[in-house]
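Scroll down for the structure; my scribbles are underneath it.
Protein chains: 2
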Amino acid sequence: MEVKRKGSLLSFRPDIKVLDATLRDGGLCNNFEFTDDFARALYRMNVAAGVDYMEMGYKASKAMFDPSKFGKYKFCDEEDIRKIVGDNDTDMKLAVMADVGRTDFKKDIGPKKDSAVDMVRVACYINEIPRAIEMIEYCAAMGYETCANVMAVSKAKDEEIADALDMLGQSPVDVIYLVDSYGSLYPEQVAKLTLIYLEAGEKYKKAIGVHAHNNQQLAFGNTIEAASWGASYLDMTVNGIGRGAGNCSSELLLGFLKNPKFRLEPVLQFIADYMLPLRKAGVVWGYDIPYLLTGRLNMHPSSAIAFIREKREDYAAFNGELLEKD
Amino acid sequence: MEVKRKGSLLSFRPDIKVLDATLRDGGLCNNFEFTDDFARALYRMNVAAGVDYMEMGYKASKAMFDPSKFGKYKFCDEEDIRKIVGDNDTDMKLAVMADVGRTDFKKDIGPKKDSAVDMVRVACYINEIPRAIEMIEYCAAMGYETCANVMAVSKAKDEEIADALDMLGQSPVDVIYLVDSYGSLYPEQVAKLTLIYLEAGEKYKKAIGVHAHNNQQLAFGNTIEAASWGASYLDMTVNGIGRGAGNCSSELLLGFLKNPKFRLEPVLQFIADYMLPLRKAGVVWGYDIPYLLTGRLNMHPSSAIAFIREKREDYAAFNGELLEKD
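If you read the sequences in order, they're chains U and C. Under my numbering, the letters of the first sequence match residues 1 to 326, in that order. Under my numbering, the letters of the second sequence match residues 1001 to 1326, in that order.
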């Protein structure tokens, strides 16, 4: 290959943006029931740490999900966001995630001029790209920056990925994300996929992002692997909180990136003040054997989450069950 | 660079050997106080899992370390090893580690023909290479396979590394290890160093090994990065047990390697039966914020270990202390 890594380990790339997904992916660990105090402290911390985007949660349909059964970051009503960020008079932008098929986007996403939100991240599986593009076009017309987070790409065939990138390339989307939903990709695979995404990104003038999971303790390694080839939107969560094995840890990523605008200390303080109490209160996330087992088999982590919830420890039997399903 | 990765993700490389360092590096977490039951079960598990080498512990000097204050795997007396492995009538080889300056090697290491041990791994800092070579020559003459584990290579200059590799190249050593003692190396650096080691390895007909630490959640990622370029001796420990942030986890590595002789199930069973009880009994290891902080600053983990032992949680203050010392 003629391609080269972008930048060196000592330089910094001004194109790199980090996105904190703590409330959104972390919300999958506690039913989105973060206190206002937690969310406000996280917001202030992210601003202090030089974070580029903070994802406030999902824009889920209240017709499909009962608001009495989830915390408010599942829905991200404008007034709830304003309660945390005011007019967000900072350099940090705000994002929300909207799942294809789980969002009443025409009802719940109004014009950007009336919202504190800057970016809508549309999440879809690869067979839902046309529906994602409909949402992206709508959100772009409403004045938002947009991302396409194509999930579970480890399950997709090369041809499907090429098609998806072409379709998204011709849409108004700003950023196309490589998403390793199952935490199954190894760095060599991430490098190859990143280069495929970047090729489409160059052709269509789109930025490329990466969202990794930690099933095989590779979330951080895969994130910096993708970044080293040119991915520029990097997702992270404080202490790696996120569904199952969690995500790339903010403290690892900000401890690595060399742009002097990033500050590690606020993250460290926030971990001591807010993440340790969250763990002590019983919220569970992070690398554990069952997630490794679903990750290496390129399977959805749901059965691993159930295994841990049931407090089972018979890993070998669980692996046998997975191999039956595989 | 003209160099290519060796093998593909789906193929397997018959040159790859895995070494279980659970009793040795893990012993640093519990003062080497493993029960005979634990050691025997680990031995049987490693055999069942297709592990190539099992490291039984250190050959520490009893003049320097009081045997009443450490478990027996700090000393690895022949009779204690035999109690676990009998005559080791298996395909798995046994290793011990001997630290330069902490071993009475002429007294404590006898002829191979009288020992169940197959390999002596000599650990040294880069300025101790001549002393390491003295031990390597002695052990080779006694009939053992030998390794040189040059620790803390992240602190060494390129010129020192080149010198060290030349000196070791001309010694009888069989394997030269790239050791990231502080868990500070990123995969790109591991790749570059591995290629430097491999160049010397080809010149002098030595195999290259890798021993990684998990301070930045990169132990597994760095291990497979080094392997992908051609490193062939890969250290691991069950559940990643090892000093501070621990090592590359056996379950991750054996879950990744494609050689059909490796079996994951025995490792999973052993984790449930022996590693979970070890954690419940209060033995502490694995990724934690203080280790990240020493790792990214390329510092010895001792202050992080003390921080955790003191049950401190003021990470930001600790980081400030480290920056003062740096």
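Yeah, the Cβ is synthetic: ideal placement off N, Cα and C, and Gly gets one too.
query                                                                                                                                                                         : result
Can you name the residues of chain U whose CB is closer than 9 Å to the CB of Leu1292/C?                                                                                      : Ser249, Glu251, Leu252, Gly255
Examine chain U for any beta-carbon lying closer than 7 Å to the beta-carbon of Leu1234/C, and answer yes or no.                                                              : no
Could you check where the beta strand (DSSP E) with Val47/U kicks off and where it finishes?                                                                                  : No beta strand (DSSP E) holds Val47/U; the alpha helix (DSSP H) holding it covers 36-49.
What residue does the beta strand (DSSP E) around Arg121/U start on, and which one ends it?                                                                                   : 119-124
Any chance the region 67-76 of chain U sits against the region 23-30 of chain U, with 3 or more Cβ pairs inside 8 Å?                                                          : yes
Taking beta-carbon pairs under 9 Å, can you tell me which members of the region 1175-1192 of chain C lie near chain U?                                                        : Tyr1186, Pro1187, Glu1188, Gln1189
Give the DSSP-derived three-state secondary structure of Asp235/U in the structure shown.                                                                                     : strand
Excluding the 5 residues preceding and the 5 following Met1001/C in the sequence, name in chain order all residues of the same chain whose CB lies nearer than 7 Å to its CB. : Note that Met1001/C has pLDDT 46, beneath the 50 cutoff, so the model's placement of it is unreliable and the number below is only indicative. For Met1001/C, where only same-chain residues beyond five positions count, there are no Cβ hits under 7 Å.
Could you give the residue range of the beta strand (DSSP E) that holds Lys1384/C?                                                                                            : Lying outside 1001 to 1326, the shown extent of chain C, residue 1384/C is not represented and no answer is given.
Look at the alpha carbon of Tyr1053/C and the alpha carbon of Ala98/U, and state the distance between them as a whole number of angstroms.                                    : 50 Å
Applying a beta-carbon distance threshold of less than 8 Å, which residues of chain C neighbour Asn88/U?                                                                      : The premise fails here: Asn88/U is roughly 25 Å from chain C at the closest Cβ pair, so nothing lies under 8 Å.
Helix, strand or coil: how does DSSP classify Leu23/U here?                                                                                                                   : helix
Taking only three categories from DSSP, how would you classify Val1061/C?                                                                                                     : According to the sequence shown, residue 1061/C is Ser rather than Val. DSSP places Ser1061/C in coil when its eight states are reduced to three.
Determine whether the Cβ of Arg296/U lies closer than 7 Å to any Cβ atom of chain C.                                                                                          : yes
Residues of chain C with a CB under 8 Å from the CB of Ala164/U: which are they?                                                                                              : Ordered by position in chain C, no residue passes the 8 Å Cβ test against Ala164/U, which lies about 22 Å from the chain.
Name the chain U residues that come within less than 9 Å of Asn1319/C, Cβ to Cβ?                                                                                              : Leu264, Glu265, Leu268
Could you confirm whether any beta carbon from chain U is found closer than 7 Å to the beta carbon of Ala1272/C?                                                              : yes
Between Asn1214/C and Tyr1287/C, how many whole angstroms is the CB-CB distance? I'm expecting something under 8 Å.                                                           : 5 Å
Pick helix, strand or coil for Thr1194/C, following the three-state DSSP scheme.                                                                                              : helix
Between Ala1191/C and Val1210/C, what straight-line distance do the alpha-carbon atoms span, to the nearest angstrom?                                                         : 11 Å
Secondary structure at Glu1134/C, three-state DSSP: helix, strand or coil?                                                                                                    : helix
Shortest alpha-carbon distance to Asp108/U belongs to which of Ile129/U, Lys258/U, Met135/U, Ile241/U?                                                                        : Met135/U
For chain U, is any of its Cβ atoms less than 7 Å away from the one on Leu1278/C?                                                                                             : no
Take Cys1147/C and list the residues in its own chain whose beta-carbon comes closer than 8 Å to its own, dropping the five residues that flank it on each side.              : Ala1095, Met1119, Val1120, Arg1121, Val1122, Val1173, Asp1174, Val1175, Ile1176, Tyr1177, Gly1209, Tyr1233
Taking Cβ positions only, does Leu28/U come closer than 7 Å to chain C?                                                                                                       : no
For Gly221/U, would you say it is in contact with chain C, using Cβ-to-Cβ distances shorter than 7 Å as the test?                                                             : yes
Output needed in chain order: residues of the region 301-316 of chain U with a Cβ under 9 Å from some Cβ in chain C.                                                          : Glu313, Asp314, Tyr315, Ala316
For Glu1225/C, go through chain U and note every residue whose CB falls closer than 7 Å to its CB, in chain order.                                                            : Pro187
From what residue to what residue does the beta strand (DSSP E) around Asp99/U run?                                                                                           : 93-99
For Tyr1058/C and Lys1261/C, I'd like the C-alpha separation in whole angstroms.                                                                                              : 28 Å
Below 7 Å CB to CB, which residues in the same chain sit around Leu253/U once its five sequence neighbours on both sides are set aside?                                       : Val18, Phe220, Thr223, Leu234, Met236
Can the beta-carbon of Ala141/U be found less than 7 Å from the beta-carbon of Leu165/U?                                                                                      : no
Roughly how many angstroms lie between the CA atoms of Asp15/U and Ile1289/C, to the nearest whole one?                                                                       : 27 Å
DSSP puts Gly1148/C in a beta bridge; with which residues?                                                                                                                    : At residue 1148/C the sequence reads Ala, which differs from the Gly that was named. According to DSSP, Ala1148/C bridges with Val1122/C, Ile1176/C.
So what does DSSP say about Met1001/C, is it helix, strand or coil?                                                                                                           : Confidence at Met1001/C is low in this model, with a pLDDT of 46, below 50, so its placement is unreliable and no value can be given for it.
What are the boundary residues of the beta strand (DSSP E) that includes Ile208/U?                                                                                            : 207-211
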